[in-house]
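The block underneath contains the structure these notes are about, expressed in structure tokens.
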Amino acid sequence: MARADHQARGVVTAAAWPASAPRRASRAGHAHPRPLTLLEAPLVTGDASARPVAEILRDLPLFAGLSNEALRAVAARTITRRLPKNATLFRRGEPCHGLYVVLEGRIQVHRASPAGREQVLHIQGPGEPVAEVPLFDGGPYPASARALEDSRLLFLPQDAFQQLYRENPEIADAVIRNLGARLRRMVALIAKVTLKDVRSRVAATLVEIAEARGVLRDGGRFTLPKTQEELARELATTREGVARALAALRRDGVIAQAGRQVEILDAARLDEAARGER
């Protein structure tokens, strides 16, 4: 089948998708590229309703400031990819071919120690870009990424992103703001991991979540956005260590907890615990 026919049917050939894209085995045992859906065609959502691509892009913070003409130009170069839970998006050291943005699901960016323990750097959700730094410095991916749940991602080739970045200052502003926010989170993560015991790391994480939701007060309630296993990977400890730290905070009357629902009983003492004070 000619390449033009492939694209007319919404299938991306190997030339249109990064070399690191996952491959599946055929019945004969040979690997071939996974077919991917072009965003030039209407995207079908979970309730089987279709939306124009430009509307989907406009809902993403990164593209919200673009004109209709610019959105159409981006849509013409964009494809989507479904990534099943636990599947790898890219690995540390692989070359970067373009920009990924999460449409649905969650993508975990992490590095692994020589012993195999993962250190979670950040988790990106809907509307957020994934590991865009190599687009600017030309280097390989500094970390690996995989899907924490069934996910769908938007992909914009590197040359198209660079042209878009140069021609639209709104994109530059959005990327810089996102990188600045991520740098702040990384500084906070380094402080938690290197300077505090596990109880303090967990308490600091609870303080961050409560502050972000505006409920850092006695009686404030929130839902943990991550499992204990995910928190453990982020805080460079074990799931059992996170469980013990949460149990200690409950026993000390600092928080109450039911599953992933947390209530702050004593905000002052939670803040003290986050600073390593008993």
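Using numbering that gives the first Met the number 0, the first residue of the sequence shown is number 0, and each one after it goes up by one.
Ideal Cβ positions, reconstructed from N, Cα and C, are used throughout, including at glycine.
Cβ pair ALA130, VAL100 closer than 8 Å
In this structure, VAL100 does not lie closer than 8 Å to ALA130 by Cβ.
Measuring straight from C-alpha to C-alpha, what distance separates ASN310 and ASP149?
Residue 310 is absent from the structure shown; the chain starts at 0 and stops at 277.
Determine the closest residue to PRO128 out of ALA114, PRO139, GLU233, GLU103, with distance taken between C-alpha atoms.
Of the candidates ALA114, PRO139, GLU233, GLU103, GLU103 places its Cα closest to the Cα of PRO128.
On the DSSP letters alone, give me the boundaries of the alpha helix (DSSP H) that GLY240 sits inside.
It spans 238-250 - the alpha helix (DSSP H) in which GLY240 sits, taken as one unbroken run.
Rounded separation between THR236 and ALA203 - CA only:
A straight-line Cα-Cα distance of about 14 Å links THR236 and ALA203.
Between ALA244, ALA257, GLY258, which has its C-alpha nearest LEU269's C-alpha?
With distances taken between Cα atoms, LEU269 lies closest to ALA244.
In DSSP terms, what GLY97 is bridged to
Paired residues: PRO156.
Could you check what DSSP says for ALA111 in three-state terms: helix, strand or coil?
Note: ALA111 maps to strand in three-state DSSP.
For the alpha helix (DSSP H) that GLU54 lies in, which residues bound it at each end?
Segment 52-57, the alpha helix (DSSP H) holding GLU54.
What is the DSSP secondary structure of PRO128, reduced to helix, strand or coil?
Reduced to three states, the DSSP call for PRO128 is strand.
Tell me which residue opens and which closes the beta strand (DSSP E) that SER66 is part of.
That residue, SER66, is in no beta strand (DSSP E); it is neither H nor E in DSSP.
GLU271 to LEU163 span [Cα, whole Å]
Going from the Cα of GLU271 to the Cα of LEU163 covers about 46 Å.
Please confirm whether PRO141 and HIS96 have their CB atoms less than 8 Å apart.
With respect to HIS96, PRO141 sits apart: the two C-beta atoms are not nearer than 8 Å.
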